[in-house]
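A.B. asks: Let me begin by handing over the structure; questions about it come next.
2 protein chains.
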Amino acid sequence: MLVGLGLDYGDISLRALKSIKNADFIYFEKYTSTISDKYIQFLKDEVGHDIVQINRSDLEEKSSALVKKAVNSIVALLVPGDPLVATTHHILIESAYKAGVAVEVYHSSSILSAAIGESGLDIYKFGPTTTIPFWKDNYKPISFIDTINKNVVNGNHTMVLMDYDQSTGATVQLSEAIERLLFSEKERGYKIFNERRIMAMFDIGKPTCSITMASTAELLDVYAKAVKRGMLTIIVPGKMSFAEEELSSRFLQDVRK
Amino acid sequence: MLVGLGLDYGDISLRALKSIKNADFIYFEKYTSTISDKYIQFLKDEVGHDIVQINRSDLEEKSSALVKKAVNSIVALLVPGDPLVATTHHILIESAYKAGVAVEVYHSSSILSAAIGESGLDIYKFGPTTTIPFWKDNYKPISFIDTINKNVVNGNHTMVLMDYDQSTGATVQLSEAIERLLFSEKERGYKIFNERRIMAMFDIGKPTCSITMASTAELLDVYAKAVKRGMLTIIVPGKMSFAEEELSSRFLQDVRK
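Protein chains in written order, with my numbering: chain A, 7 to 263; chain B, 7 to 263.
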């Protein structure tokens, strides 16, 4: 079974917790997002046996081993957020399907719907999502800006996720994200940001959640020297309706704090 | 507090259940989707006091009454799926914010990420979502087909939700949905369906979940006379990559059953 752990400690569903108590082997992965040690410890205590971390390469290379195990026993894989958004989980299901192993999926809260919901923006106006990747000295992909520009031209909003490095726990920070947005915009000759207010959303789905809507210059000014503020998601609004302006206006407040 | 009940019985998170046990008043609404009586009864038993249904007009017209109550007591509103995707919840938060009442939001599983996940299609290729509405004799809106066509032209996928009527529990059935898709396509002169396989997804997030990928003609043939198969979500794929073809190929099986 594939079990979503959601966005924060305790986001696992009652139904999923009940099911993993019957599992013979329980694994967890955290290569798309973080899961706190406290959360895993809590689950270990609840199910009464060990929960073993499995990394991405193991999942991808040893998926057949996992599936073989699942032929004669109940195997649970716990994942951050909502399962199946990552391709790796589909490859697992595909292997299981071919081996005649049924896979139950327990959904949970996801950054996708949570961030759209918290933003106050119209769900019907979100174009394709994109991700700002890590940059290396000799590798600085900027195709995310094409997605954003196309959405803006169509009047649509863009959810912009940040790359996450499982091995170090590092993720793209706000100042880096804005620098890359502005650099890529200039590189392509687009006119997106300037005065446009964007939403910087930290720790969506957690009690520490905060959202600030401001221009890129204001955000850099306010947050450039701030300490790390948790997992970042950015929304670049396209054309906002009056209702959307109203519902998101409370996120303008933060800037003046 | 706003609490998501998710897609099925028992989808509420542990964290949310713990919190509503401290609430003085608990309400639930089911005007965007269904919640079973069994689920509400289970929650009543868990929290040890009553949970009262509140309808949409009450929520919208009496939101200030609800907010006033929340000034001096803990009020919980339980909602299907993930909260905040419906505008009404934002209006509540807005009222609460103005009255100085903090609102905690407990996210849960949502049709948005669950359907994208289950489909095996690339999350980065979903354009704007749309809804097929109920049709009346003198009111047959077809603008949903413009959204689908634009996405198809851009190579993007479209998630198509079905309208839901709280008062009767009725929702748009597969045969109606396909008739409206084909009628609207013809009306606008688009070329979308013909041989294109679309995904008919029933009861996403529930143990009864099933997905069939087939042409509109095949779907009509297979399901036209079938009994009601639960909540429907349709995905109209745009241009599929080889990996997407592979990962979704198992949904072709159903048709031959």
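All residues carry an ideal CB built from backbone N, CA and C; glycine is no exception.
Which residues, taken in chain order from the region 124–135 of chain B, show a beta carbon closer than 7 Å to some beta carbon of chain A?
C.D. replies: Here the close residues are Glu124, Gly126, Ile129, Tyr130, Lys131, Phe132, Gly133, Pro134 and Thr135.
A.B. asks: Along the beta strand (DSSP E) that carries A/Ile217, what are the first and last residues, could you check?
C.D. replies: From DSSP, the beta strand (DSSP E) with A/Ile217 extends over Ser216 to Ser221.
A.B. asks: Return the residue from the list B/Lys131, B/Ile80 and B/Ala29 that minimises the CA-CA distance to B/Met246.
C.D. replies: Among B/Lys131, B/Ile80 and B/Ala29, the Cα nearest to that of B/Met246 is on B/Lys131.
A.B. asks: Check B/Gln172 in the structure and name its three-state DSSP category.
C.D. replies: Coil.
A.B. asks: Could you tell me whether any Cβ in chain B is nearer than 9 Å to the Cβ of A/Thr222?
C.D. replies: For A/Thr222, the answer is no, since every Cβ of chain B falls outside 9 Å of its Cβ.
A.B. asks: A/His96 bridges to which residues according to DSSP?
C.D. replies: Partner(s): none; A/His96 has no beta bridge.
A.B. asks: Suppose the cutoff is 8 Å on Cβ atoms and the five residues either side in sequence are ignored; what does the same chain contact list for A/Asp169 look like?
C.D. replies: These residues qualify, in order along the chain: Thr137, Ile138, Pro139, Phe140, Thr177 and Val178.
A.B. asks: Report the three-state DSSP secondary structure of B/Ser25 (helix, strand or coil).
C.D. replies: Here B/Ser25 sits in helix by DSSP.
A.B. asks: Taking A/Leu98 as the reference, give the member of A/Ser114, A/Ser63, A/Ser125 and A/Ile129 with the closest Cα.
C.D. replies: For the residues A/Ser114, A/Ser63, A/Ser125 and A/Ile129, the minimum Cα distance to A/Leu98 belongs to A/Ser63.
A.B. asks: Residues of chain B with CB under 9 Å from A/Cys26, in chain order?
C.D. replies: Here residue 26 of chain A is Ile; the residue named in the question, Cys, does not match the sequence. The contacting residues do not exist; A/Ile26 stays about 12 Å from chain B at best.
A.B. asks: Give me whichever residues DSSP pairs with A/Ile204 in a beta bridge.
C.D. replies: Beta-bridge pairing links A/Ile204 to A/Ala220.
A.B. asks: Is there at least one non-hydrogen atom of the ligand MG closer than 8 Å to the beta-carbon of B/Arg21?
C.D. replies: Among the components modelled here there is no ligand, and therefore nothing to report on the ligand MG.
A.B. asks: Is it buried or exposed for B/Phe150, if we count other Cβ within 10 angstroms and need 16 for buried?
C.D. replies: Its Cβ being crowded by 16 or more others within 10 Å, B/Phe150 is buried.
A.B. asks: Scan the region 155–179 of chain A for residues whose Cβ lies nearer than 7 Å to a Cβ of chain B and list them as they occur along the chain.
C.D. replies: Listed in sequence order: Asn162.
A.B. asks: Mind pulling the chain B residues with CB within less than 8 Å of A/Ile41?
C.D. replies: Near A/Ile41 there are no residues of chain B at all, since even the closest Cβ is about 14 Å away, more than 8 Å.
A.B. asks: Taking all protein chains shown into account, do 16 or more other C-beta atoms lie within 10 angstroms of the C-beta of A/Gly280, making it buried, or fewer, making it exposed?
C.D. replies: Outside the displayed range of chain A (7 to 263) lies residue 280 of chain A, so it cannot be described from this structure.
A.B. asks: Would you call the region 116–126 of chain A and the region 156–170 of chain A touching, i.e. three or more CB-CB distances under 8 Å?
C.D. replies: Segments in contact, yes.
A.B. asks: Identify every residue that forms a DSSP beta bridge with A/Tyr145.
C.D. replies: Bridge partners of A/Tyr145: A/Lys142.
A.B. asks: Please state the DSSP three-state secondary structure of A/Ser19.
C.D. replies: It is a strand residue.
A.B. asks: Name the chain A residues whose beta carbon is nearer than 7 Å to that of B/Pro243?
C.D. replies: Result: empty, since nearest Cβ-Cβ is about 14 Å, beyond 7 Å.
A.B. asks: Cutting at 7 Å between CB atoms, please list the residues of its own chain near B/Leu253, excluding the five before and the five after it.
C.D. replies: These residues qualify, in order along the chain: Gly126.
A.B. asks: Among the residues of its own chain, which have a CB less than 8 Å from the CB of A/Lys44, if the five just before and after it don't count?
C.D. replies: Here the set comprises Tyr15.
A.B. asks: In the DSSP assignment, what residue or residues form a beta bridge with A/Met237?
C.D. replies: In the DSSP output, where bridge partners are listed per residue, A/Met237 has none listed.
A.B. asks: Would you decide whether B/Val265 is buried or exposed? Buried here means 16 or more other CB atoms lie within 10 Å of its CB.
C.D. replies: A question about residue 265 of chain B goes unanswered here, because the residues of chain B that appear run from 7 up to 263.
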